[in-house]
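Here the first sequence stands for residues 160 to 555, where the numbers follow our numbering.
Here a beta-carbon is modelled for each residue, glycine too, at the ideal position from N, C-alpha and C.
Here the structure is a predicted model, which is why all the values come from computation and not from measurement.
First comes the structure, then the notes that go with it.
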Amino acid sequence: MDIKEQLKIIKRKTVEVIKEEELLDLLKTGKPLRVKLGIDASGPDIHLGFAVVLRKLREFQDLGHKAVLIVGDFTGKIGDPSGRSKTRPQLTDEEIKKNIKKYSYQIFKILNPDRTEFRCNSEWLDKLTAADIVNLSSKYTVARMLERDDFSIRYKKNKPIAIHELLYSLFQAYDSISIKADVELGGTDQTFNFVTARDIQREFGQQPQVVITMPLLEGLDGKLKMSKSYNNYIGISEPPKEIYGKIMSLPDNLIMRYYELTTDLGNGELKKIRNRLKSGENPRNLKASLAYRVVSMYHSEKEAKAAGEEFTRIFKKKGLPEEIPIHKVKAKKIWIVKLLTEAGLASSNSEARRLINQGGVTVDGGKLTDESYELEIKKEVIIKAGKRKFAKVIPS
RNA sequence: GGGGAGGUACCCAAGUGGCCAAAGGGGGCAGACUGUAAAUCUGUUGGCGAAGCCUUCGGAGGUUCAAAUCCUCCCCUCCCCA
160 MDIKEQLKII KRKTVEVIKE EELLDLLKTG KPLRVKLGID ASGPDIHLGF AVVLRKLREF
220 QDLGHKAVLI VGDFTGKIGD PSGRSKTRPQ LTDEEIKKNI KKYSYQIFKI LNPDRTEFRC
280 NSEWLDKLTA ADIVNLSSKY TVARMLERDD FSIRYKKNKP IAIHELLYSL FQAYDSISIK
340 ADVELGGTDQ TFNFVTARDI QREFGQQPQV VITMPLLEGL DGKLKMSKSY NNYIGISEPP
400 KEIYGKIMSL PDNLIMRYYE LTTDLGNGEL KKIRNRLKSG ENPRNLKASL AYRVVSMYHS
460 EKEAKAAGEE FTRIFKKKGL PEEIPIHKVK AKKIWIVKLL TEAGLASSNS EARRLINQGG
520 VTVDGGKLTD ESYELEIKKE VIIKAGKRKF AKVIPS
């Protein structure tokens, strides 16, 4: 393919390419490029935000380049030695292996396995001696580290920054050296690390990597970036109706953003959708077709359709879902509060009481307001708690 | 090493002997409304089958009828000086 054409594809929907001329030169060589992407060894769900980056990586693969996935198992194994971060628990080799498996299952929904190389950074980081680490850290200064937004904010706010956090930045750079990355891909929040890597690579006599950053997708709350720790994410391997429902719960002002970043629609089609929104079409419909698209991408059109129908049934028509979890009860009579807790509709008796008092509980469609009610279990009964939780209670 | 300021629930943050299961905000949940799990408004937000009790304000002890609050020791963070 023509190099200009390649460049155009690569640049689509990116935020920044550092530097474009260098990328052009690399493309001109005609060799498959090594495109680095770092992933977390703790193996969380891959969400739509990360998928933005993965889909870009897939585009590289389709142009004949190689994806090099770096599993951060070194940092994973150490955990956070200061114990400050709960999100960095210590992982064993076993767990890491399991996580990689779990990861690849999700990743290959997007990437092409034939052009993917999985590497663990403990491969080279484990081998570093104290002398190596001193040498590596001599290549960078504290002042430059503190330029990083995240660090400078914390520093100004008198929040702690542990020294190993600074080191981790350097280790990431060292990853790039070890795998001889031509390009590194990631979200805009990673810019600093990626650029640091360029400097360090130069110090080690290596051609600096080209840095390509992608926009950060906002999460369900509409404000913060999508992330597991904010619990505002949509995982690509979540069940179809979860993905569908979560997209329906997006704030309306995020509709276009999601169309742009989570689908492969081109400018023409995006424009059409933008016009439909402007002309006053019910945003609900546009969200529904977005949800349909996304579910189709990661599951199938058939499942997307089913998820859509289910959504209409439950929320528009206030009906019942297709499948309702069954809860068997032995006793002839049971206290409603206890039943809600046992059936998993409430996490504690207190919460169950709250639900009842707030009018969130119905039994076979009838609202229940007495928290001391004893329910007789003679036949099958459908309990609904809140808008989305159901249980079918049957005598056993 | 010396001096100072701090550590409160999911997060931020008030409270400096009883009225404190702990203000306020964020987030979560529920209800109303609707176009939907949008937006907006209202309510609610430790646990235990009533009263009452139990656990929770960095940790361990102590004083007191009573401790987030006072005392002792310890751990952690930040600032200034060296």
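Here PHE277 carries a strand assignment [DSSP, helix/strand/coil]. A straight-line Cα-Cα distance of about 29 Å links ASP523 and ARG443. Segment contact: the stretch 269-281 against the stretch 217-234, three or more CB-CB distances shorter than 8 Å; contact assigned. The stretch 262-338 contains, as complete alpha helix (DSSP H) runs of 4+ residues, the segments 281-284, 289-296, 301-304, 308-315 and 322-338 (chain order). ASP341 sits buried, since 16 or more C-beta atoms from the chains shown fall within 10 Å of its C-beta. Between TYR299 and THR355, the gap from beta carbon to beta carbon is short of 8 Å. Pairing LYS446 with LEU498 gives a Cβ-Cβ distance that is not under 8 Å. Here the stretch 329-347 lies against the stretch 355-368, with 3 or more beta-carbon pairs under 8 Å apart.
Here GLU440 is exposed: its Cβ has fewer than 16 other Cβ atoms, across all protein chains shown, within 10 Å.
For LYS170, the enclosing alpha helix (DSSP H) covers residues 162-170.
Ranking ARG416, TYR418, LYS431 and ILE541 by CA distance to the CA of ILE483 puts ILE541 first.
Secondary structure note for GLU419: its alpha helix (DSSP H) is the uninterrupted segment 414-421.
Per DSSP, the beta bridge partners of GLU175 are THR372. Judged by DSSP in its simplified three-state form, ALA505 adopts coil rather than helix or strand.
Taking the CA atoms as reference points, PRO399 sits about 40 Å from LEU329. In the DSSP assignment, LYS430 falls within the unbroken alpha helix (DSSP H) covering 426-437.
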